[in-house]
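Here the structure is laid out as structure tokens; the discussion comes afterwards.
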Amino acid sequence: MDMETMKYLAAAISMAGAAGPVAVAEAWIAQRAVEGMARNPEVAPKLQTAMILGMAITESTAIYSLVLSLIILFV
Amino acid sequence: MIEIELAAPVLFTIAGLPVTNSMLTSWLVVAIIVIFFRIAVRRAALVPTGIYNVAEAVFEGFLNFMDVFSGARERTVRFLPFIGTAFFYILVSNFIGLFPPIGQLTFTTTAGDTHALFKTPTSDYNLPLALGIIGFVMAWAMSIREYGVIGHLRKYIHLNPMDTFLGLMDIVSDFARIISLSFRLFGNILSGEVLILVMTSLFNGSVAYGIPLVFMALGLISGVVQAIVLPAITLMAFRASLNLME
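Just so you know, the protein sequences line up as chains A and B, in that order.
So for the first sequence, my numbering puts the first residue at 315; every next one is plus one.
So for the second sequence, my numbering puts the first residue at 595; every next one is plus one.
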């Protein structure tokens, strides 16, 4: 297996490995946020804000793998 | 293979300073922000109308949002110079890549190669890295100004070796915050650009009028969210450095 193939494989595995757990984690965040909103609708805006912020920070771990993949492919 | 460059190409030099296309676009962003707010403020009145209404609505919404992270309006106003600037700069930078002329105009350098004249500033790693470093230096500088160099170091180094270890972990987490903030913004915006590029060139460009719209909308949403998250995390870092976290 030559270097080019290894690079493509590395980039693909890096992103694929990160995307799964991050998707599950963001789904959990959304689930708890919606449950909380259903239980107590008047604090829904605060919950929504916290949910968006939590999702942005959780997503950043997958973004690290994405940047790694991009660097492997293009640099 | 589609041309995706991570490093912004140098277009020309002004008095020895190399100017890349993302630098040029960031100057355009600054011009847009300054002109918008100057025009808005000139038409200020007690009852807001027109463009001043828009500026005030955006600014007030931003202040209300940041109040959640800072705890009090006067703390938000105290840190507003960096937080507000970072928010508007990142917001307009993320949006400017979606306007039609940006990305279409090309420029041929004196060496003969052709590049795009404008590029989204936040998709060049230099800008998010600069914002992260400025936030870190400001947090440490404010803490040193408040407590002195010895008092600042005493936050991290204690007599108890266990506490000193935790303090060193705090220093590492301060540096890691630079990396995480900059990568978050850079990765989100760059991946949005790459996605739009790939979707536009799908099937040799025959679906270039429909499908990329969805991904441009996604890029808008992620651009707004990232413009909120970076100032919010920096605000919490400022609060922590001045021991205002109660």
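Ideal placement from N, C-alpha and C gives every residue a C-beta, glycine not left out.
>> So, for B/A733: in the same chain, excluding its five sequence neighbours on each side, which residues have a beta-carbon less than 6 angstroms away from its beta-carbon?
In response: Here residue 733 of chain B refers to the residue found at position 139 of the second sequence. Only A831, F832 and S835 meet the Cβ criterion.
> If you run the structure through DSSP and keep just helix, strand and coil, what is A/P359?
Replying inline: Position 45 of the first sequence, counted from the start, is the residue given in the question as residue 359 of chain A. Here A/P359 sits in helix by DSSP.
> What is the DSSP secondary structure of B/P612, reduced to helix, strand or coil?
Replying inline: Position 18 of the second sequence, counted from the first residue, corresponds to residue 612 of chain B. Residue state, collapsed to three classes: strand.
> Looking at C-alpha atoms only, which residue of B/S737, B/V819, B/L814 and B/V823 is the closest neighbour of B/L692?
Replying inline: On the second sequence, residue 692 of chain B is found 98 positions in, with the first residue counted as 1. That would be B/L814, whose Cα lies nearest to the Cα of B/L692.
> What number of angstroms, rounded off, separates the C-alpha of A/L367 from the C-alpha of B/V662?
Replying inline: Counting from one through the first sequence, the residue named residue 367 of chain A turns up at place 53. Counting from one through the second sequence, the residue named residue 662 of chain B turns up at place 68. So the alpha carbons of these two residues sit roughly 11 angstroms apart.
>> Given a cut-off of 8 angstroms on the beta-carbon distance, is the pair B/H709 and B/T700 in contact?
In response: Mapped onto the second sequence, residue 709 of chain B falls at position 115. Mapped onto the second sequence, residue 700 of chain B falls at position 106. Yes, the pair counts as a contact, with Cβ atoms nearer than the cut-off.
> Apart from the five residues just before and just after A/M329, which ones in its own chain have a Cβ nearer than 7 angstroms to its Cβ?
Replying inline: Here residue 329 of chain A refers to the residue found at position 15 when the first sequence is read from its first residue. For A/M329, the CB contacts under 7 angstroms within the same chain, skipping 5 residues up- and downstream, are S379, L380 and S383 in chain order.
> Which residues, taken in chain order from the segment 598-625 of chain B, show a beta carbon closer than 9 angstroms to some beta carbon of chain A?
Replying inline: I598, E599, L600 and A601
> Of all the CB atoms in chain B, is at least one closer than 8 angstroms to the CB of A/A370?
Replying inline: By one-based count along the first sequence, residue 370 of chain A stands at place 56. Judged by the 8 angstroms Cβ criterion, A/A370 is in contact with chain B.
> Opposite B/T708 in the DSSP bridges: which residues?
Replying inline: Here residue 708 of chain B refers to the residue found at position 114 of the second sequence. Partner(s): B/T702.
>> Quick check on A/T319 - is its C-beta less than 8 angstroms from some C-beta in chain B?
In response: What you label residue 319 of chain A is simply residue 5 of the first sequence in a count that begins at 1. Not one chain B Cβ lies under 8 angstroms of A/T319.
> In chain order, what residues of the segment 769-786 of chain B put their CB closer than 8 angstroms to some CB of chain A?
Replying inline: S774, F777, R778, F780, G781, N782, L784 and S785
> Expressed to the nearest angstrom, what Euclidean distance is found between the alpha-carbon atoms of B/I822 and B/L723?
Replying inline: For this step, residue 822 of chain B is matched to residue 228 along the second sequence. For this step, residue 723 of chain B is matched to residue 129 along the second sequence. Roughly 16 angstroms separates the two Cα atoms.
> Does the beta-carbon of A/Y322 have 16 or more other beta-carbons within 10 angstroms, so that it is buried, or is it exposed?
Replying inline: Within the first sequence, numbered from 1, the residue matching residue 322 of chain A stands at position 8. It is exposed - the Cβ of A/Y322 has fewer than 16 other Cβ atoms within 10 Å.
> Under the DSSP definition of a beta bridge, which residues are partnered with B/T607?
Replying inline: By 1-based counting over the second sequence, the position of residue 607 of chain B is 13. In the DSSP output, where bridge partners are listed per residue, B/T607 has B/P612.
>> Does B/R637 come out as helix, strand or coil in the three-state DSSP assignment?
In response: If you number the second sequence from 1, residue 637 of chain B lands on position 43. Coil, per DSSP.
> Taking DSSP as the reference, what is the three-state secondary structure of B/A602?
Replying inline: On the second sequence, residue 602 of chain B is found 8 positions in, with the first residue counted as 1. Here B/A602 sits in coil by DSSP.
>> So with CB distances below 7 angstroms, who are the chain A contacts of B/V819?
In response: In the second sequence, the residue the question calls residue 819 of chain B occupies position 225. Under the 7 angstroms cutoff, chain A gives I366 and A370.
> So is B/A735 buried or exposed if we call it buried at 16+ other beta carbons inside 10 Å?
Replying inline: Here residue 735 of chain B corresponds to residue number 141 of the second sequence, with the count starting at 1. The residue is exposed, with fewer than 16 neighbouring Cβ atoms inside 10 Å.
>> Suppose you measure from the CA of B/I738 to the CA of B/G745; what does that come to, to the nearest Å?
In response: As a position in the second sequence, residue 738 of chain B is number 144, starting the count at 1. As a position in the second sequence, residue 745 of chain B is number 151, starting the count at 1. When rounded, the distance between both Cα atoms is 7 angstroms.
>> Between A/S328 and chain B, is the shortest Cβ-Cβ distance under 8 angstroms, so that the two count as touching?
In response: Taking the first residue of the first sequence as position 1, residue 328 of chain A is located at position 14. Cβ-Cβ to chain B under 8 angstroms: no for A/S328.
>> I need the boundaries of the alpha helix (DSSP H) containing B/P715, first residue and last residue.
In response: Here residue 715 of chain B refers to the residue found at position 121 when the second sequence is read from its first residue. Element bounds for B/P715: n/a, residue is neither H nor E.
>> On a Cα-Cα basis, can you pick out the residue from B/G742, B/T670, B/V604 and B/N837 that is closest to B/F712?
In response: Here residue 712 of chain B refers to the residue found at position 118 when the second sequence is read from its first residue. Ranking B/G742, B/T670, B/V604 and B/N837 by Cα distance to B/F712 puts B/V604 first.
> Which residues of chain B have a Cβ atom closer than 9 angstroms to the Cβ of A/V389, listed in chain order?
Replying inline: Start at 1 with the first residue of the first sequence, and residue 389 of chain A comes out as number 75. Within chain B, the residues L600 and A601 have their CB atoms less than 9 angstroms from the CB of A/V389, given in chain order.
> Could you give the residue range of the alpha helix (DSSP H) that holds B/V801?
Replying inline: Within the second sequence, residue 801 of chain B is the residue found at index 207, counting from 1. That residue, B/V801, is in no alpha helix (DSSP H); it is neither H nor E in DSSP.
> To the nearest whole angstrom, what separates the beta carbons of B/V686 and B/I627, a pair I think is in contact under 8 angstroms?
Replying inline: Translated into positions along the second sequence, residue 686 of chain B becomes position 92. Translated into positions along the second sequence, residue 627 of chain B becomes position 33. Yes, B/V686 and B/I627 are in contact; Cβ-Cβ is about 6 angstroms, under 8 angstroms.
> Expressed to the nearest angstrom, what Euclidean distance is found between the alpha-carbon atoms of B/D718 and B/L753?
Replying inline: Stepping through the second sequence from its first residue, residue 718 of chain B is reached at position 124. Stepping through the second sequence from its first residue, residue 753 of chain B is reached at position 159. About 43 angstroms.
> Buried or exposed: where does B/F606 fall if 16 or more other Cβ atoms within 10 Å of its Cβ makes it buried?
Replying inline: Residue numbering aside, residue 606 of chain B sits at position 12 when the second sequence is read from its first letter. Exposed, because fewer than 16 other Cβ atoms sit within 10 Å of the Cβ of B/F606.
> Quick one: is B/N615 buried, meaning 16 or more other Cβ sit within 10 Å of its Cβ, or exposed?
Replying inline: Within the second sequence, residue 615 of chain B is the residue found at index 21, counting from 1. Looking at its Cβ environment, which holds 16 or more other Cβ atoms inside 10 Å, B/N615 is buried.
> By Cβ distance, which residues of its chain are closer than 8 angstroms to B/T703, with the 5 residues on each side in sequence left out?
Replying inline: On the second sequence, position 109 is the one that residue 703 of chain B refers to. If we look at B/T703 and ignore the five residues flanking it on each side, its Cβ neighbours are P603, V604, L605, F606 and H709.
> Are the beta-carbon atoms of B/A649 and B/F630 separated by less than 8 angstroms?
Replying inline: Stepping through the second sequence from its first residue, residue 649 of chain B is reached at position 55. Stepping through the second sequence from its first residue, residue 630 of chain B is reached at position 36. Taking 8 angstroms as the Cβ cut-off, B/A649 and B/F630 qualify as a contacting pair.
> What residue from B/Y803, B/D764 and B/S816 has the CA that sits closest to B/L784's CA?
Replying inline: The residue labelled residue 784 of chain B in the question sits at position 190 within the second sequence. Ranking the options by Cα distance to B/L784, first place goes to B/S816.
> Excluding sequence positions up to five away, which residues of its chain have a Cβ less than 7 angstroms from the Cβ of B/L647?
Replying inline: Here residue 647 of chain B corresponds to residue number 53 of the second sequence, with the count starting at 1. As written in the sequence, residue 647 of chain B is Asn, which differs from the Leu given in the question. Around B/N647: no qualifying Cβ.
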